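Asker: Following the working numbering, the numbering of the sequence shown begins with 373 at its first residue and continues without gaps.
Quick reminder that beta carbons are idealized off the backbone N, C-alpha and C, glycines included.
No experiment lies behind these values; they were computed from the predicted model shown.
Questions regarding the structure given below will be posed in turn.
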Amino acid sequence: MELAPDEFFRFCQEKDSLTHRAAGYFKVAPEQFANWRWQMRHQLQSPEEFPPEIALLAEETAGFSKLDSLFRAGLTPYYAALMQNQASCPIRLQAMPRMEEFSDALGQADPLAERLHSPVKEVVHLYPDRVAFCVAMLCPVYCRYCYRKRRDEESGLHFNRVIINKGLQYIASNSAIRDVLITGGDPFISSDESLEHLVQSLRKIPHVEIIRFGTRTPVTLPYRVTHTLSKMLAKYHPIWVNTHFNCVEELSPEAVQAVTNLVNAGIPVGNQAVLLRGVNDSAEKIMTLCRTLVRHRVRPYYLFHPHLVEGTAHLRTSVKTGLAIMKELRGKLSGYAIPTYIVDTPEGKIPVNYNYILGNDGSDLLLETPRGEIWREKGAWE
């Protein structure tokens with residue numbers, strides 16, 4: 373049996389850690405539970421696979437049996453162990469299938485029209501200087517709000533060497549591309565060797581300056597983000613990572629360790645959250661999340677308005693709610709702790725901000741301050 377990486381070994385020894393407790397639920401040694409490959413092999417895909425300590429709700433059991441045609445269900449034992457036994461648990465809402473997914477009049481299969489922006493398979497080229505390179509189709513957890521649910525129907529795309537080589541050829545042939553986002557699926561659900569081969573190949577392309585990874589493994593499978601992986605990626609700087617914490621309940625000590633491994637290797641880590649009903653749709657919840665992220669050296673980067681992806685009506689919030697949250701954050705959080713609120717469209721990401729400009733009085737600009745007062749900035753209007 374492959375032992376848990378050294379940096380997670382302490383969680384196997386601490387009897388009050390999630391790793392130690394959850395290993396008991398699944399009747400395995402903590403060292404085995406902390407093996408990321410074991411986690412992927414034992415991804416929970418049916419109600420029968422959940423231990424008694426993680427009780428399913430009736431609607432979740434029904435969801436597992438009836439939703440395969442819409443979107444697969446699956447989550448790591450680790451992420452399942454984070455859930456609380458109540459319907460309002462923010463982690464349950466993100467990961468567990470529910471019958472509400474069938475009630476969505478506005479949902480679309482490809483809300484960002486990525487297929488229309490893919491000159492070659494799995495390369496999304498919307499902006500002139502950068503591409504999203506979808507090299508993977510597997511995920512530790514199939515988030516119910518995922519805007520790439522359409523990939524659920526595809527097969528043979530997980531680090532498919534033929535597809536990757538064609539993508540690399542396209543990137544190499546277009547000298548305007550300076551920034552490559554490696555995404556999926558989750559690209560970290562592959563071996564260190566496969567990831568290194570991909571990064572090496574990109575580094576051989578002279579005009580590629582920045583390599584970024586989009587991964588949710590620090591959240592859903594922290595054992596994957598080892599010191600060894602982080603050290604390997606650091607050989608190819610500048611490397612950036614964006615991850616995806618939606619609520620403070622996901623920031624377990626194990627998740628913090630995963631982030632620590634990255635930032636200690638000099639890899640900047642940003643966070644892209646999605647505003648979700650019942651999960652984080654209040655200023656207090658977003659504020660707590662952002663403060664905790666910054667404390668662990670993760671920069672809140674984007675807060676996405678939920679996409680119009682099929683099966684997500686019960687999770688979507690309004691822009692009005694999002695703007696009210698963003699207004700509440702200003703003046704109560706440091707500027708670097710406030711994410712940009714984004715509406716993502718097929719034509720690109722649109723920042724949506726509360727408007728503090730009240731108008732002008734001649735050449736003076738009239739502004740609303742974060743405290744709700746009026747400020748006159750003389751001579752600033754023209």
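1) Once DSSP output is grouped into helix, strand and coil, what is the label at Q456?
2) Does DSSP put T598 in a helix, a strand or coil?
3) Looking at the unbroken alpha helix (DSSP H) that takes in W410, where does it start and where does it end?
4) Would you tell me roughly how many angstroms separate the C-alpha atoms of D440 and Y451, rounded to the nearest one?
5) Thinking Y713 and L675 are a contact (beta carbons under 8 Å), I'd like their distance in whole angstroms, please.
6) Taking only beta-carbon atoms, is I554 less than 8 Å away from chain D?
7) So, do the stretch 394-404 and the stretch 613-626 have three or more beta carbon pairs nearer to each other than 8 Å?
8) Tell me whether L478 is buried or exposed, calling it buried when 16 or more other Cβ atoms sit within 10 Å of its Cβ.
9) Contact between the stretch 590-603 and the stretch 404-416: three or more CB pairs below 8 Å?
10) Using 8 Å as the Cβ pair cut-off and three pairs as the minimum, do the stretch 653-670 and the stretch 624-631 touch?
11) Can you list, in chain order, the residues of its chain whose CB lies under 7 Å from that of W747, leaving out five sequence neighbours each side?
12) Which residues does DSSP list as the beta-bridge partners of C506?
13) Between which two residues does the alpha helix (DSSP H) containing R663 stretch?
14) What residues in its chain sit with their C-beta under 7 Å from that of A544, if we drop five residues either side in the sequence?
15) Check whether the Cβ atoms of N643 and T615 lie closer than 8 Å to each other.
16) Please identify the residue among K692, Q480, F560 whose C-alpha is closest to the C-alpha of F443.
17) If we count the other Cβ atoms within 10 Å of its Cβ and call it buried at 16 or more, is D733 buried or exposed?
18) Are there three or more Cβ pairs, one per stretch, closer than 8 Å when the stretch 724-731 is compared with the stretch 694-703?
19) Would the stretch 646-658 count as touching the stretch 490-501 if we require 3 or more Cβ pairs under 8 Å?
20) Which residue wins for smallest C-alpha separation from K603, given the options H579, L623, V631?
21) Using the rule of at least 16 other Cβ atoms within 10 Å of the residue's Cβ for burial, across every protein chain shown, is H677 buried or exposed?
22) Assuming L553 and R502 are in contact, meaning their beta carbons sit under 8 Å apart, how far apart are those beta carbons, in whole angstroms?
23) Measuring alpha carbon to alpha carbon, tell me which of G557, V591, C518, K607 ends up nearest H569.
24) Of the residues N636, L484, C518, which one's Cα is nearest the Cα of D716?
25) Answer yes or no: the CB of I639 versus the heavy atoms of the ligand MN, is any distance below 7 Å?
26) When the distance is taken between beta carbons, is T689 closer than 8 Å to L647?
27) Taking the C-alpha atoms as reference points, what is the distance between F364 and L447?
28) R702 bridges to which residues according to DSSP?
29) What's the gap between the Cα of A504 and the Cα of M471?
Answerer: On the basis of the supplied data:
1) In this structure, DSSP gives Q456 a state outside helix and strand, which the three-state scheme calls coil.
2) coil
3) 408-413
4) Taking the straight line joining both Cα atoms gives about 20 Å.
5) 5 Å
6) Here chain D cannot be found, since the structure has a single protein chain.
7) no
8) L478 is exposed by the Cβ-count criterion.
9) Touching, per the Cβ criterion.
10) Flag = yes, the stretch 653-670 and the stretch 624-631 touch.
11) Excluding residues within five positions, the ones whose Cβ falls inside 7 Å are L739, T741.
12) T555
13) 655-667
14) Cβ neighbours of A544 beyond the five flanking positions: I577.
15) yes
16) Q480
17) Using a 10 angstroms sphere on the CB of D733, the tally of other CB atoms stays under 16, which defines it as exposed.
18) Yes, since at least three Cβ pairs between the stretch 724-731 and the stretch 694-703 fall closer than 8 Å, the two stretches touch.
19) Output reads no: the stretch 490-501 does not touch the stretch 646-658.
20) V631
21) H677 counts as buried, since at least 16 other C-beta atoms from the protein chains shown sit within 10 angstroms of its C-beta.
22) Correct: roughly 7 Å between the Cβ atoms.
23) K607
24) L484
25) Absent from the structure shown: the ligand MN. Ligands present: none.
26) yes
27) In this structure the chain extends from 373 to 754, so residue 364 is not present and cannot be described.
28) L705
29) So the alpha carbons of these two residues sit roughly 32 Å apart.
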